Each structure stands twice: as structure tokens, then as C-alpha cells.
Amino acid sequence: MRNSELHKLLIKLNLEKTVFFRNEQNNSYGFNFHPDVLNKIKRICPDAVYVFNSQPLLLFFDLTNSYDSNKESEIHKKVWSFDNSPIVFILKDNDISIYNALNYIKSNDGKSGYLEKIEISEEERDGKFSFWNLQSGETWTWFQNEYLNKKNENQKRVNQRLFQNIKDVRNYLTDKTKSNCLDEKSANSLILRLIFIRYLIDRGIKIDEKYISGQKINEKRKNFTLLISEPVRLNQLFEKLNENFNGVLFKERDIQLNQVQANYLANVFKGELEQQGSLFDGYFFEVFDFSIIPVEVISGIYESLINEETKNATSAVYTPSFLVDYILTDTVDKFLNENKVSESKIFEIAVGSGIFLVQSLRRMIEKEIELNGDSNKKEFSNKIREIAKNNLFGIDINEEALKVTCFSIYIALMDYQQPKDIDKYPFPNLLGTNLFKANFFDTLHDFNTVIKNNPPKFILGNPPWKSKKEDVVHVKWLKDNRKTVGRFEIAQSFLLRTKDFMSDETQSALIVTSTVFYNISDTTKKFKDEFLTTFCIEKFFDLSPVRRLIFEKKNSPASIVYYRLSKNDDYQSHVIKHQSIKYNRFIKYFKMLIIEKFDKKDLLQKYFLDNDWMFKIALYGGILDYNFIKRLFDKNQKVSRFIAKNKAKKGLGVIKISEKSKTEPKYYPEYIGRSVIENEEVKLYYTPLSDNKLNSDNVYFIRGRKKELFDNSKILLKEQCIDETYVSASFHDYDSIYVNGVSGISFNDKNLTKFLYSYFISDVITYILYMSSCSWGVGTRPAIRFQDEFLGFPFADAELKIRNTLVGYVDEFISTFKEYYGKPIRMQNPPINKSSLFSINQIINQLYEIKDYEKDLVDYTLNVSRYQFQQSKQYLVTSFNDSDHRNQKQVLEGYADVYIKEFEEIYYDEFVKVEIFPMRHFIAMNFIITDKKPKEKIFYIKNSNEKDVLERLANNLSIEKITDTNDPSKNLYIQKDIKGFESDSFYIIKPNEYKCWHRAMAWYDVAEFKQAIQEAELKRLNNISAND
């Protein structure tokens, strides 16, 4: 291998020590892949694999000594069906080709196909796919920009092609313009049957040879195609399979195809074979390899067959497999490994396609093989059927979902059978005994007794995300049990109802819409109080910032909540492991959950019970933010008290007539002649007078509000944030009417209005609103509620002299806007008087007694956190820019300055000097403790390579150690920092990203170093004491 062409390529890319090579003797790879992934990699058989965060991102195939065009063709098909490795290298005698493995292109003749080739020079290749570019993510940014974003309309991944093909077939069969069209239920049932038979064929499962004969997969595919064209024999096979599969999916026998329909379906599948005249080039069944496409794709197949009306009625959100893997790793895998058992009772609520049950079964079977082996095929077959029968339970209101679940379980069992013969072993009956068609809130249904007699170890699922006031069973349960949930939100009810099936040993893990914990309505507060005192949250994994990337067809924020019953009052001292994920290069296209160090926190559950804003602090802040925000709220009254005391006019704007209006509008003649401000006309900082004036025809409103609300100069506050980034606070110097969605505050004393306005435009109030708003940075619309949030921030009042000073600065600030809007010709955006705004911020910081480190927390929120949920603005989070606040030199020295000040206080008779190593892919700082005062405390070490820098920092540091493939916690680009100590120094290494070196991060990093030093000193003193 060392002299092979593959090895030479890997040396060029500096990957020879990073990839995992295939061991030809046992077809293994030396990496602890998930068994399901490993089995598929073994089928694909790459010669080497590059792994990042446990995912095989690059596959290398060396065909230099054994080139076979058919073998290469199979590689293209298989890796596309695999859908886990975006890039493939194929080495031939005189060529190294690179392919986009997420896009398969059919040839013009319809007989063959290939992956999309990546056309780059050798020099570009060696740069784009070099070790550091792969580790830092630069490779994937380039790949996304050049091959995924630009061509997204023309390319489809394997699951997208599959779902589209299925939809096209369904549309054909249900086309009412054609004779003998099928109803939707029959069409769905027929398509599922054909797809599942293909699953059986591709996975080598033996089917009665009377219907599908052949020794090889391709022969069986051919005969299956012929069978489809014979409707009578096809129905006979359905009857046979109905016996094998206990009436699941094949039970209805009244699906009658005419010959035209049968020929159409046969032609769709005929693309699998290289036959002349195939016109079905849009179908990819000849490429789909169902031995590699995961059976969990059934959830997507099922979803593609359900019409929008049914989806909306059931509020179903189908669960991505990578989220399921994440949950099961934390629950079922952990339990099986720690207890060395192969069984664990699972109750999946709202099963959908049963992905939790199917994947749990696979894990239990893998564990059974590990513990007891599978050499005795008959005993093993009986055992895994017992595992399925004794441990898998589920409920759904949709009977078709339960059938798909049951069939998926059967296929999973067959995957482990030897021989794979459906006539050899009977499947366990699950429908009605383990899988129940029922409403989860029906307390009289038989499933209640079954589940309580089989107490689950884990309750898992992804319950519906919707208000369910029309669900009479749900509403009755709420009333009977005196439960309070916000707006009849069914996810909240699911969380509370699980208690009925939990023992002290049960752990639940549900995917729910995040709003059930962020919403601050009175009813949601009551729900949170009950939930947080009934259960202990083991872990809260917040996916809200990447809501647009997790569920492809649902834009709602999601979280995974793991919880167990609270014993007595132990929720008071319980610590929640809070984790979150922010936008990164890997989540969008590779669905890779990379949790950075700062997004992992241990926080007391009591904090969440006592503070409505705690979930938001945990998501975007840390313990320093918690202390800061709590101090502000504890020390100051809410601004609403100041507003009430000074008799301000405040409220929402008028409600105009709309098509949805059911209330009779009223006539408001007093508004005739006044300007009206529409929602979109509210500008950042200052809104000029609108030319849009009301006349007698358009002063009819559903709600006209009180006239005095619109008199005088006012502060306009719009619910919707501007560009998802800025608080929509705007000064308006006129008596205009404004519409609903906009709120206003005004005082008879214009100076009081300006005084309060200075707070709304300040950095610290923006920080408070971002850190306490239930929607901004979380919800589908980054909105700020008027009464609860705009009027709920802590208010530090000022004496008259300071008030007048602030009013003066406000006058200076808004005069710039008045001048701008007064010009007939003007620039696109108004100038901002930064000097006046700076002065306003200085005074307000003094009023709130803001400390230096708290200023850094505010700055981090304004310049990092509020962009972390915005995909288009990630450059503001990661990239340095010498022309603004992201100037690298200033940022790095500001970070280092915190260390110098803090550690010179500890080592009061010594000094700290900082060596900074600015490399392309990472930055390192070395903090040296010395008894001599340095001429310069900060100096830069340049012209070093990565290896030299690491050796200078510590003798035992290497590139391999800081980019560990097996342990993500030791990988610089996942962990986001590597720290260490030497005899007279300590060091930190972080990626070359702005957010990592922000001054606010220095306070957290310094605290870690201090703690480590204190622990080391305590250990030293204990050792001395022990030796004495």
C-alpha cells in the first residue's frame, strides 16, 4: 500500500495519517462506525475513508491495478444511494477523478449514468482537499458554493429522486382523466407494496420463486419487472406476501390494474435494465440500491404519499434519521452498553413511520450478536423475534403509519436472517398487540393497560406540533386532569401525559417545538411550572437557531428534551445538561450535528423554574450572562412602571379591514387628514412623515383605538425586527396614525419621550431584549412582544440633569435623520450619528453600572449571537475584517489583555507576556509567566508552520493530537479550543474565527484556566500533607 498510487495521493494531500484504510483480510476499517454505516461501507468497499465527526466524508477507490468499467459503474450507483459521503476519489491507471457523490446524472441514452465530475486542476485538487482545508471546513464551503448551491435546482440527492419518482407514479395512477384511475388510498398502497418488494429483492431476501426467480439480484429485478406487467399474477404474489407479513400492507385485495397501468409501472421499473427504447429517463429505479438506501427512508416515502390535507390534519412532522441516531446514542445505546444487555422496552408515541422503533431494534440485535453471537441461526432468529415482540411498542392515530412501522420492523428482522427466506421463519404479530391505532389521550383504550404492564425503559418520539383545540379527546383529557397548556398546544400535553407511563427507571426523549418552553404567556408559564416540578430534565438540546435546516418542510424551531420523573423535590438541585447547535458549514448539506464547546452548559434546573428568560440565556449566553441579566432584573423595576407613573399613552395601532375580518368596522372621522404609517414604513431609529393621508373613505377600522394614542411625538415599536437583526425602535415627530403590528409610546412632555427613546436604541437594552425575547433568534418570526418584552425590560432611571443630557444627545442623533429625509435627492441609507449614539451608550451603561466584562458580553451578543441563526450573515460571526470591529489585531490583543490583567492580579510579583501565532487555519497564544517585566507584553511570532508552532508550545503536541478523528472532544474544529500547561507557561489554540477570539470568550477561558490552576495547587498541597 505504501507505494500505491492511492498512498502517493494521500501524501500529497497530507492525509496519509488521517484516513482509515480497508483491511483486505476481514474487510474492516479500524474506525468505530455505527454498525449500520459500517455494513453499508463494507458493501461499497472503498479502499480508504476520511472521517470527520464520525461521518465518512471522503471515499477513495483505487482501481489502478484492476480497472473494470462495470465495477466503476457500480461504485457510482452505490455511493449515490449511500448519501453519506459527499466526495469520491476514483484512481485509475492514468487518471485521478473526483466526483460529487450527491448528484447522479443519467446518460442521454438512458442506459447508464455517472456521478457529477468535479473538474479541477491537480494543483487546485491538492489545495482544496488538503488536510487543513478539510479540517477547517474551507473545502466544504467551496463545495457547497460551487456544486451544491449553484446547481441546486438541477440536482437531486437519492432520497429526493426517490420521493419525486414515487410522487410522479402516484399522480399517474390517480389521474382522473385516465380510465380506471385509482383512488389515493389504493395508489398509495400499491406503490408501497412495489417499493417494499424491491427492498426485499435488493436486500437478498428470498421470495417465492414461482413469482420472482433468479440467482442474482439483477435477474430477480428483471423478473419482478415482468411480473408487474401481469396484474393477475402480481395480485397472487400480494396474497402470498399477505400471509408472510401478517396482513400488513398486502391485506387489501381489491386493487385492480388494467394492462395500460401495469405496463406503465413495469416500464418505470424497467429502467433498471439496459434495454432499448426506454423513455423513462426521469426515473432512477435502475440506480436505486435498496441494500444501501436505509430502510428509514420509508418515513420519507410514507410522507411523499400523504397529501397536504392529511399532513395538516395530523400535524405530522417526520423525523430526520440523523436526529434519531443522536437520540438513540444518548438513550438506548448507552443503556445497552452500560448494562451489557440486548433488550430495552421502547414506547414510541406518534410513531409515524416507526423510525425510533426500527432503529432501536437494530441496536438491540447488534448488541445481541456482540453478547451472544449468531452462529446458531435458528436460535438467533427466534431470539431477535422475541426482542421485537417483547420490547417494541407504539401508538399512532393513523392506521397506515402503523402498517409502515410494522413492515419496517419485519424488514429489519430479515436483514439479520440467514437464510433470508420469508417462508422460513414466521414474523411476530404486532398490530393491535404492540402497535395501536389510538389517540394518545384516550385513557380507556387497551394500549394503556398494555404499556403499564410493560413499563418502558424509554419513551421516544416526535409528537405533533400544533394547537389541537378541535381534538375532543385531547381537550377532554386536559379538562379531566386539570391541565393547563398554551393555546391547546398538543406537544405540551404529550410531555405531561408521558408521566402516566413512566416509572422511576423510565427516561423520555421527545422532539418538540421549542416554543413550548420559550413562550411567555400565562398558560405556558403554568405548563412550564408543572413540567419543571414534575420532571428532572436530563438534557435539553436546542435546535432553534438551525430551524430552517433540520426539518426540510417545516420552519418551526425544535428542541429535544430528555427527562425523568423527579423524586420528591430533587428538581430543585438537579443540573440540566443544556446543549445547542448554531449554523455551521456541515449542518445544511451533511446534516452533521457539531456541538461546539461554548454550546455545552451545565445549569441548575431551578434557574429555568425561577426565570422565564433562562432558556434564551442558555441558548445564546452562559453563566456570566445569567448573573448579569439576573442582577439587572433584580435591581431595577420594569420600564412599564416608569411609563405608568408618568402617564404615558401606549398601545397597539389601528386594525384595518381585511378579508378575514368578522367584526363590523367602525367609522373614525377624527382621523381624516392624518398621515398613516404602514408596518413596512417604520424605519430604523427615525420614521419621517408619510405622504399617505387618510380620507373619509378609508377611516373605517375594526379597532380604531383612542385618538390620544396618536397625538404628540412618539416612539414607534414594531413587533418584527428589522432584517432579523435590529430592534425596531423609531422616533416619530408627528401625530400620525399607525397600524396593528406597530405599537407606540408618547408623553405629553416631549423630552420624556426622547429620554425613554434613548434607552430603546442603547446597546444594553438591545442585549436585554435579545436575551429575554421568546421569539427573536428562536421563532419563525423574530418578533418582540410589546407588553411583555418591550415594556418588560429593567429600567434604571436617571436624575434630571442626566435626563437632560440624554435628551440633548437624542436631539443631535435624530437631527441627522431629519436633515437626510428633508432632502429631495438623497443616498440609499441615512447616515448615523455614531458619536451621539456612543455618548448615549456611555451614559446608560453608567446608569446600569455595567462592568467591563459585562460590556464584553453585550458586545458579543450584538456582534456574534444575534447573527448565529442567520445563514446569510455567518461571515460576521467567523471572518475577521480589518476595516471594522473584527480587525484581527485589535480582537486578538483585546482577548490577550484579559489574561494579562487577570493573571497579573494572581501573580502580583510576576508578569505575563503573550506570544501570538496567527496561522491560516488556527491561532495560538502562549502565556508566559516571568519575573522580569517585558518591554512588550504582547508580541507576534510569524513565519512558522503548524508543526513548528505546536512544538514550541509543548513537546507532546502534534497536528494529529489537535485534530483527533476518533475523539471529537479533542478535535480543534469541533471543540473550538485546545488548552494545555507547561512548567512556566500555558497555551490555548483556537480556529482562525472571529467569534472564538472575541474578548467575551476570554473571560470564560480565563475562568477555566484559573479553576485548573486552583485544582492543581489543591492537589499539590494534599500530596504534601499526605507525605507528612
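For the sequence shown, our numbering gives the first residue as 374, with consecutive numbering after it. Yeah, the Cβ is synthetic: ideal placement off N, Cα and C, and Gly gets one too. These figures come from a predicted structure and were not determined experimentally.
- The shortest C-alpha to C-alpha distance from tyrosine 1367 to any of Arg1293, Glu1390, Lys1306 and Ile1386 is the one to Arg1293.
- Contact between proline 801 and arginine 758 holds: their C-beta atoms lie close to 5 Å from each other, under 8 Å.
- Taking arginine 1076 as reference, the option from Val731, Pro1038, Tyr1044 and Gln508 with the minimal CA-CA separation is Pro1038.
- By the Cβ neighbour-count rule, aspartate 819 is exposed, with fewer than 16 other Cβ atoms within 10 Å of its own.
- The alpha-carbon separation between valine 1287 and lysine 901 amounts to approximately 47 Å.
- Within the region 419-499, the runs of beta strand (DSSP E) at least 3 residues long that lie entirely inside it are, in chain order, 421-425, 428-435, 460-465, 468-479 and 486-490.
- The Cβ atoms of lysine 1087 and glycine 1114 do not sit closer than 8 Å to each other.
- Residue environment for arginine 736: buried (at least 16 other C-beta atoms within 10 angstroms of its C-beta).
- Within a 10 Å sphere around the beta-carbon of leucine 1173 sit fewer than 16 other beta-carbons, which makes this residue exposed.
- For arginine 1158, the secondary structure class from DSSP, reduced to helix, strand or coil, is coil.
- Under DSSP, histidine 951 takes part in a beta bridge, and its partners are Phe913 and Lys974.
- Note that the region 1160-1180 touches the region 1211-1231; at least 3 beta-carbon pairs, one per stretch, sit closer than 8 Å.
- Taking the CA atoms as reference points, lysine 595 sits about 20 Å from serine 454.
- Each residue's CA atom was taken as its position, placing isoleucine 1332 and glutamine 732 some 36 Å apart.
- Proline 837 and alanine 864 do touch by the CB rule: their CB atoms are close to 7 Å apart, below 8 Å.
- With contact defined as three or more Cβ pairs closer than 8 Å, the region 904-912 and the region 927-937 are in contact.
- With respect to the C-alpha of asparagine 640, the residue from Gln629, Ile628 and Phe657 having the closest C-alpha is Phe657.
- Check the Cα spacing between lysine 501 and each of Glu721, Gly486 and Ile471: the tightest is with Ile471.
- In the structure shown, phenylalanine 1074 adopts extended strand secondary structure according to DSSP, grouped into three states.
- DSSP places threonine 871 outside any alpha helix (DSSP H), giving it a letter other than H or E.
- Rounded to the nearest whole angstrom, the C-alpha separation of valine 777 and phenylalanine 618 is 12 Å.
- Per DSSP, the continuous alpha helix (DSSP H) segment holding arginine 1176 begins and ends at 1173-1194.
- Note on geometry: alpha-carbon atoms of threonine 512 and asparagine 506 lie some 5 Å from one another.
- Apart from the 5 residues on each side of it in sequence, tyrosine 1132 sits with its Cβ closer than 6 Å to the Cβ of Ile1138 in its chain, given in chain order.
- Bounds of the beta strand (DSSP E) holding threonine 1303 are 1295-1303.
- In the structure shown, the three-state DSSP call for glutamate 612 is helix.
- A check of alpha carbon separations from serine 1245 across Val424, Val948 and Thr514 identifies Thr514 as the nearest.
- Ranked by Cα distance from lysine 955, the first of Glu389, Leu922 and Cys554 is Leu922.
- Between serine 1145 and glutamate 1162, the C-beta spacing is below 8 Å.
- Its chain contains Asn1206 and Ser1209 as the residues whose beta carbon lies nearer than 7 Å to that of glutamate 1185, once the 5 sequence neighbours on both sides are disregarded; these appear in chain order.
- Residues of the same chain with a CB within less than 6 Å of the CB of serine 881, apart from the 5 flanking positions on each side, are Ile832, Thr871 and Tyr936 in chain order.
- Within the DSSP bridge table, the entry for valine 845 names no partner.
- Going by DSSP, histidine 1105 is part of the beta strand (DSSP E) stretching over 1102-1105.
- Residue environment: glycine 995 is assigned as buried (16 or more neighbouring CB atoms within 10 Å of its CB, all protein chains considered).
- Bounds of any alpha helix (DSSP H) do not take in isoleucine 1311; it lies within the beta strand (DSSP E) bounded by 1311-1313.
- Residue pairing by DSSP places phenylalanine 831 opposite Ile719 and Gln880 in a beta bridge.
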